[in-house]
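Enquirer: Residue numbers (full-length UniProt numbering): 1 to 317.
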Amino acid sequence: MQIGYKLFAEDTEPKELIRRAVEAERAGFDFVEISDHFHPWLPEHSHSGFAWAILSAIAAKTETLRIATGVTCPSVRYHPAIIAQAAATLQIISDGRFTLGVGAGERLSERIVGQGWPEVGDRHRRFREALEIIRLLWSGGTHSYRGEFLQLSDARVYDLPEVLPEIVVAAGGPQAAKLAAELGDGLFSTDPDASLVEAWTAAGGSGPRWCEVPTAYAADARAGAEAAHARFRFGQLGWKVNAELPDPAAFEQASAAIRVEDMEEAFACGPDVERHAEVFGQFRDAGFDHLALMDASTDPDAFMAFFHDELGPRLRA
């Protein structure tokens, strides 16, 4: 079991994200993973730094902490050749501590390059082509590729690490789970859905199974729920909605009916170690073994201390 810390880039400025990663290593976390978006989810978030630059700085400032994208869409805003190159370089400079988390993306950030937003079937086929291109370039040598959606012309990634990064593929249903099994080294999800793990395993999937655990450390459960509501209420809309909305204003409107009480039910809110362990256990019992704590705390240093002194030892017991 690996326990990580989610770097939520949408409401935190880049230097603070780097500082938190350093503190996460000191607190005993095994890894950090960072969201990779161009736009934030909600108007009040007001940040969205470039994930790859932030991870590079973290790699330089840490020694044992593993780092990951959680997750990158390598098929619209980025061309997969650029992601193949970036991931290979980051694997080298981090001394093999990088994991490439990938997904099919959301309209919120991918539409900015003016290519529109494909319907779900087309974007999954496009995503498949992107993973094929990354694997092709990581095989060494010069390659071309002609797909239905993506092309590659006489390209080569010259700096390849001795050990390639693992690719963990985000999946929200059986079809995506099959793609993760075929072209990924692991599975990524945000829900404690045992059937997803089972579908991935049945399709031949093996390797790490990543997921994000919703927590909101605070002085009491109500304060934690209020913090979760302010930062993460958009998550309660579900990914079928989140993948389609175009901008922060739309997320603000769509999440208007979500209550603080809804967040208290979904998150481990407050200082009770056993409540945090209960929510964590839902994800562990569903079959996930790389669990990132997605904390909504307004005091990240207090949360780090809570993890180091109480929560971490309890979860690893």
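All residues carry an ideal CB built from backbone N, CA and C; glycine is no exception.
Measure the CB-CB distance between Ala9 and Ile34 and report whether it falls below 8 Å.
Expert: The count along the sequence shown starts at 1 and reaches residue 9 at position 9. The count along the sequence shown starts at 1 and reaches residue 34 at position 34. Cβ atoms of Ala9 and Ile34: closer than 8 Å.
Enquirer: Tell me the rounded alpha-carbon separation between Cys211 and Asp122.
Expert: Position 211 of the sequence shown, counted from the first residue, corresponds to residue 211. Position 122 of the sequence shown, counted from the first residue, corresponds to residue 122. Distance between the alpha carbons of Cys211 and Asp122 is about 25 Å.
Enquirer: Just verifying my parser: in three-state terms, what is the DSSP assignment at Val102?
Expert: Within the sequence shown, residue 102 is the residue found at index 102, counting from 1. The answer is strand: DSSP assigns Val102 an E or B state.
Enquirer: DSSP three-state label for Met1, please.
Expert: Along the sequence shown, read from residue 1 onward, the residue named residue 1 stands at position 1. DSSP places Met1 in coil when its eight states are reduced to three.
Enquirer: Determine the burial state of Gln85: buried for a count of at least 16 other Cβ atoms within 10 Å of its Cβ, exposed for fewer.
Expert: Residue 85 sits at position 85 when you count from the first residue of the sequence shown. Under this definition Gln85 is a buried residue.
Enquirer: Does the separation of the CB atoms of Gly4 and Ala216 fall below 8 Å?
Expert: As a first step, residue 4 is located in the sequence shown; it is residue number 4 there, counting from the start. As a first step, residue 216 is located in the sequence shown; it is residue number 216 there, counting from the start. For Gly4 and Ala216, no; Cβs fall outside 8 Å.
Enquirer: Considering only their Cβ atoms, is the gap separating Leu17 from Ala67 smaller than 8 Å?
Expert: Your numbering for residue 67 matches position 67 in the sequence shown. Your numbering for residue 17 matches position 17 in the sequence shown. Position check: residue 67 holds Ile in this sequence, whereas Ala was assumed. No. Outside cutoff.
Enquirer: First and last residue of the beta strand (DSSP E) that includes Val169?
Expert: Numbered from its first residue, the sequence shown carries residue 169 at position 169. First-last of the beta strand (DSSP E) with Val169: Glu166 to Ala170.
Enquirer: So, for Leu196: in the same chain, excluding its five sequence neighbours on each side, which residues have a beta-carbon less than 7 Å away from its beta-carbon?
Expert: In the sequence shown, residue 196 corresponds to position 196, counting from 1. If we look at Leu196 and ignore the five residues flanking it on each side, its Cβ neighbours are Ala171, Ala177 and Ser189.
Enquirer: Here's a check: name, in chain order, each residue in its chain whose Cβ is nearer than 8 Å to the Cβ of Phe267, leaving out the five neighbours to either side.
Expert: The sequence position of residue 267 within the sequence shown is 267, counting from 1. The residues are Pro214, Thr215, Ala216, Gly224, Ala225, Ala228, Phe232, Val279 and Ala296.
Enquirer: Relative to the C-alpha of Asp191, which candidate in Glu44, Gly238 and Pro271 has its C-alpha closest?
Expert: In the sequence shown, the residue the question calls residue 191 occupies position 191. When each option's Cα is compared against that of Asp191, the closest is Gly238.
Enquirer: Closer than 6 Å by C-beta to Met304: which residues in its own chain qualify, once you throw out the five before and the five after it? Chain order, please.
Expert: In the sequence shown, counting from the first residue as 1, residue 304 sits at position 304. Result list for Met304: Glu23 and Ala27, in chain order.
Enquirer: Quick check: what's the CA-CA separation for Asn242 versus Phe251?
Expert: Here residue 242 corresponds to residue number 242 of the sequence shown, with the count starting at 1. Here residue 251 corresponds to residue number 251 of the sequence shown, with the count starting at 1. The straight-line gap from Cα to Cα measures roughly 8 Å.
Enquirer: Taking the CB atoms as reference points, tell me whether Gly103 and Cys73 lie closer together than 8 Å.
Expert: In the sequence shown, counting from the first residue as 1, residue 103 sits at position 103. In the sequence shown, counting from the first residue as 1, residue 73 sits at position 73. Going by C-beta atoms, Gly103 is nearer than 8 Å to Cys73.
Enquirer: Buried or exposed for Ala87, please, with buried defined as at least 16 other CB atoms from any protein chain shown within 10 angstroms of its CB.
Expert: In the sequence shown, the residue the question calls residue 87 occupies position 87. When all chains shown are included, Ala87 counts as buried.
Enquirer: Ordered along the chain, which non-local residues of its own chain (more than five positions away) have a Cβ less than 7 Å from that of His276?
Expert: Here residue 276 refers to the residue found at position 276 when the sequence shown is read from its first residue. Answer for His276: Thr215, Ala268 and Leu311, listed in chain order.
Enquirer: Let me check understanding here. Comparing Cα to Cα, which of Phe38, Leu315 and Val71 lies closest to Ile112?
Expert: Position 112 of the sequence shown, counted from the start, is the residue given in the question as residue 112. Cα-wise, what sits closest to Ile112 is Phe38.
Enquirer: Between Asp299 and Pro208, is the Cβ-Cβ spacing less than 8 Å?
Expert: In the sequence shown, the residue the question calls residue 299 occupies position 299. In the sequence shown, the residue the question calls residue 208 occupies position 208. Result no, Cβ atoms of Asp299 and Pro208 do not sit closer than 8 Å.
Enquirer: By how many angstroms is the C-alpha of Asp272 removed from the C-alpha of Ala219?
Expert: Here residue 219 refers to the residue found at position 219 when the sequence shown is read from its first residue. Here residue 272 refers to the residue found at position 272 when the sequence shown is read from its first residue. If I take the Cα positions, the gap works out to 9 Å.
Enquirer: Just how far apart, CA to CA, sit Leu245 and Gly105?
Expert: Taking the sequence shown and counting its residues from 1, one reaches residue 245 at position 245. Taking the sequence shown and counting its residues from 1, one reaches residue 105 at position 105. For Leu245 and Gly105, the distance between alpha carbons rounds to 12 Å.
Enquirer: Give the straight-line distance between the Cα atoms of Glu166 and Tyr145, rounded to the nearest whole angstrom.
Expert: Sequence index remark: in the sequence shown, residue 166 carries index 166 (1-based). Sequence index remark: in the sequence shown, residue 145 carries index 145 (1-based). Approximately 22 Å, taken between the alpha carbons.
Enquirer: For the putative contact between Ser56 and Ile93, defined by C-beta atoms under 8 Å, what is the C-beta separation to the nearest angstrom?
Expert: Residue numbering aside, residue 56 sits at position 56 when the sequence shown is read from its first letter. Residue numbering aside, residue 93 sits at position 93 when the sequence shown is read from its first letter. Contact flag correct, Cβ pair sits at about 7 Å.
Enquirer: In the DSSP assignment, what residue or residues form a beta bridge with Glu33?
Expert: What you label residue 33 is simply residue 33 of the sequence shown in a count that begins at 1. According to DSSP, Glu33 bridges with Lys6 and Ala68.
Enquirer: Give the range of the alpha helix (DSSP H) segment to which Thr215 is assigned.
Expert: Numbered from its first residue, the sequence shown carries residue 215 at position 215. From DSSP, Thr215 is part of no alpha helix (DSSP H) but of the beta strand (DSSP E) over Arg209 to Ala216.
Enquirer: Spatial neighbours of Phe306 within its chain, please: CB distance less than 6 Å, with the 5 preceding and 5 following residues excluded, ordered by chain position.
Expert: Here the question's residue 306 lines up with position 306 in the sequence shown. If we look at Phe306 and ignore the five residues flanking it on each side, its Cβ neighbours are Tyr217.
Enquirer: Exposed or buried, Asp285, counting other C-beta atoms within 10 Å across all chains shown (16 or more means buried)?
Expert: The sequence position of residue 285 within the sequence shown is 285, counting from 1. So Asp285 counts as exposed.
Enquirer: If you scan the segment 207-281 from start to end, which runs of the beta strand (DSSP E) of 3 or more residues do you find wholly inside it?
Expert: Taking only runs of at least 3 residues, the beta strand (DSSP E) segments lying wholly in the segment 207-281 are 209-216.
Enquirer: If we call anything under 8 Å between Cβ atoms a contact, is Glu264 one with Ala302?
Expert: As a first step, residue 264 must be located in the sequence shown, where it is residue number 264. As a first step, residue 302 must be located in the sequence shown, where it is residue number 302. In this structure, Ala302 does not lie closer than 8 Å to Glu264 by Cβ.
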